[in-house]
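Report on the structure given below.
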Amino acid sequence: DVQLEEVEPPLAVGGGAATTVRSAAVRACHEPALLEGRLFGLAACVGPVWDDPKQMQDSGILKLPQWLEYQTMHGVEHFFVYTTQRTDPRMDSIVGPFVRSGLASRVHIEDPSIPNEVQAQHLFENDCLYRAKHRAEWLLKSDPDEYLRFGEGRGQDYHAALRSLAQKATSLSAGTIGPWKEKGEVPTEGIHSVSFGRYTFRHPQDAMQQLQLTSTMREPKLAPLCPKFVLRPSQVHVLFVHWPTSWVPGMKSLAMPANALAAFHYRTLDTASTTVVDRALAVEAKALGDRLALRYGRRWPSLAGDLQADPGSPESLLASEGSVSLDVEAELLANPVIAAWAARTRDITQPTLIDPPLVAA
4 DVQLEEVEPP LAVGGGAATT VRSAAVRACH EPALLEGRLF GLAACVGPVW DDPKQMQDSG
64 ILKLPQWLEY QTMHGVEHFF VYTTQRTDPR MDSIVGPFVR SGLASRVHIE DPSIPNEVQA
124 QHLFENDCLY RAKHRAEWLL KSDPDEYLRF GEGRGQDYHA ALRSLAQKAT SLSAGTIGPW
184 KEKGEVPTEG IHSVSFGRYT FRHPQDAMQQ LQLTSTMREP KLAPLCPKFV LRPSQVHVLF
244 VHWPTSWVPG MKSLAMPANA LAAFHYRTLD TASTTVVDRA LAVEAKALGD RLALRYGRRW
304 PSLAGDLQAD PGSPESLLAS EGSVSLDVEA ELLANPVIAA WAARTRDITQ PTLIDPPLVA
364 A
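Positions 4 to 364 (my numbering) are the ones given, in order, by the sequence shown.
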């Protein structure tokens with residue numbers, strides 16, 4: 004009952020007389036009866052996720068179900084889940100319940116010529132952007148270990164919060180930012196995105212701990228890393244990793260202070276120098292567990308235990324945060340775009356309209 008579509012678009016490699024053409028197989032599955040003509044207030048894309056035999060002790064394969072379920076608790080209406088080659092078939096047991104209920108579409112790209120999924124991340128994200136164009140009012144791009152925090156609120160509806168931010172932006176620049184239009188309309192003025200800092204928290208490796216974190220570990224000075232964005236896909240043309248690089252002329256980004264909106268990035272490690280209490284996610288752990296039990300038809304800890312115990316094929320476990328090396332992180336932080344964004348937003352205490360130092364088409 005899940006519709007399978009296969010496309011093989013030609014991709015040019017090289018240039019001039021030496022140009023060759025190769026094909027990448029793209030398979031997308033969804034539940035057409037539940038998605039026909041639907042518009043989403045807030046959609047999210049996650050991935051690419053894939054398998055890495057070098058990280059069999061990490062909890063990556065356990066993160067995706069809880070992340071998907073947590074986002075549905077907070078107003079995400081549809082997910083675009085991206086997987087690549089080296090993905091074990093048991094991924095179907097994780098994503099399948101969300102696909103069959105109309106909550107997710109899975110997009111699998113089989114292209115062995117891609118040497119590093121992280122380096123090709125912007126390709127997947129732009130595919131997601133255009134799948135969401137004119138189908139979603141807002142689009143969240145996230146990893147399965149990142150969680151949004153709107154102020155101190157718990158159980159908050161992300162879509163309602165984003166719409167409220169867009170409406171309040173009217174007072175920031177009279178005549179420039181108009182009130183949010185009804186779903187489906189394409190306004191000619193306003194904001195193309197909401198931007199905010201990403202804070203990394205580190206906690207000990209414990210695959211079964213899930214969201215029941217009683218403490219997280221971090222450096223003594225908690226500082227935002229590269230910015231994250233929630234986008235209005237109808238107003239954005241091109242993405243590169245975390246940020247838009249082209250959008251409708253005249254649109255602006257609404258930069259948020261950390262006390263209003265931030266992304267908390269939970270990474271695992273064996274030791275850390277500083278321990279702080281963080282119960283932001285733990286307070287919702289029981290409700291999340293109950294929902295996962297209903298979603299998967301049996302007690303979630305049992306399913307999680309099966310996934311953890313079964314190594315599957317030699318390429319069986321989804322890569323977790325270790326797939327992005329510290330060198331890649333340092334390279335991102337050295338990027339002049341990120342440095343300029345950080346310089347303009349680091350000390351803001353109120354929502355601020357900015358023209359990011361990016362290229363608007």
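Think of the CB as a built atom: it goes at the ideal place given N, C-alpha and C, for glycine as much as any other residue.
- Going by beta carbons, Glu72 and Leu306 fall outside the 8 Å limit.
- Annotated three-state conformation of Val98 is helix, per DSSP.
- Contact annotation: Thr86 and Gly50 have beta-carbon atoms nearer than 8 Å.
- Assigned with DSSP and collapsed to three states, Gly44 falls in strand.
- It is roughly 8 Å from the alpha-carbon of Trp303 to the alpha-carbon of Asp293.
- Boundaries of the alpha helix (DSSP H) around Leu37: Pro35 to Leu38.
- In its chain, beyond the 5 residues on either side, Val49, Val52, Val84, Ile97, Val98, Pro147 and Leu321 have a beta carbon closer than 8 Å to the beta carbon of Leu67.
- When Cβ pairs closer than 8 Å are counted between the two stretches, the segment 248–260 is seen not to touch the segment 30–40, the count staying below three.
- The beta carbon of Tyr299 lies closer than 7 Å to those of Pro100 and Leu306 in the same chain, with the five residues before and after it left out.
- Selection Leu168, His125, Arg166 and Glu80 evaluated against Gly105 yields Glu80 as nearest (Cα-Cα).
- In the three-state reduction of the DSSP assignment, Pro247 falls in the strand class.
- Here His125 carries a helix assignment [DSSP, helix/strand/coil].
- Of Thr248, His240 and Gly200, the smallest CA-CA separation from Ala265 is found for Gly200.
- Taking Gly40 as reference, the option from His111, Ala139 and His77 with the minimal CA-CA separation is Ala139.
- Pairing Val197 with Leu168 gives a Cβ-Cβ distance under 8 Å.
- Straight-line spacing of the CA atoms in His268 and Glu149 works out to 4 Å.
- The DSSP-derived three-state label of Glu140 is strand.
- Under the DSSP assignment, Ala107 falls in the beta strand (DSSP E) whose first and last residues are Ala107 to Glu113.
- Only buried fits Tyr161, as 16 or more other CB atoms lie within 10 angstroms of its CB.
- Taking the Cα positions, Val251 is about 9 Å away from Ile194.
- Here Ala36 is exposed: its Cβ has fewer than 16 other Cβ atoms, across all protein chains shown, within 10 Å.
- The criterion of a C-beta distance shorter than 8 Å is not satisfied by Ala47 and Leu126.
- Short of 8 Å from the beta carbon of Ala107, and not among the five residues preceding or following it, lie these beta carbons of its own chain, in chain order: His33, Leu71, His81, Phe82, Phe83, Val84, Val98 and Phe101.
- As the crow flies, the alpha-carbon of Val244 is around 12 Å from that of Val233.
- For Arg152, the enclosing beta strand (DSSP E) covers residues Glu149 to Phe153.
- The DSSP-derived three-state label of Val52 is strand.
- Residue burial is scored here from C-beta neighbours: His111 has at least 16 other C-beta atoms within 10 angstroms and is therefore classed as buried.
- Arg134 is the residue among Arg134, Glu113 and Asp95 whose C-alpha sits nearest the C-alpha of Ser237.
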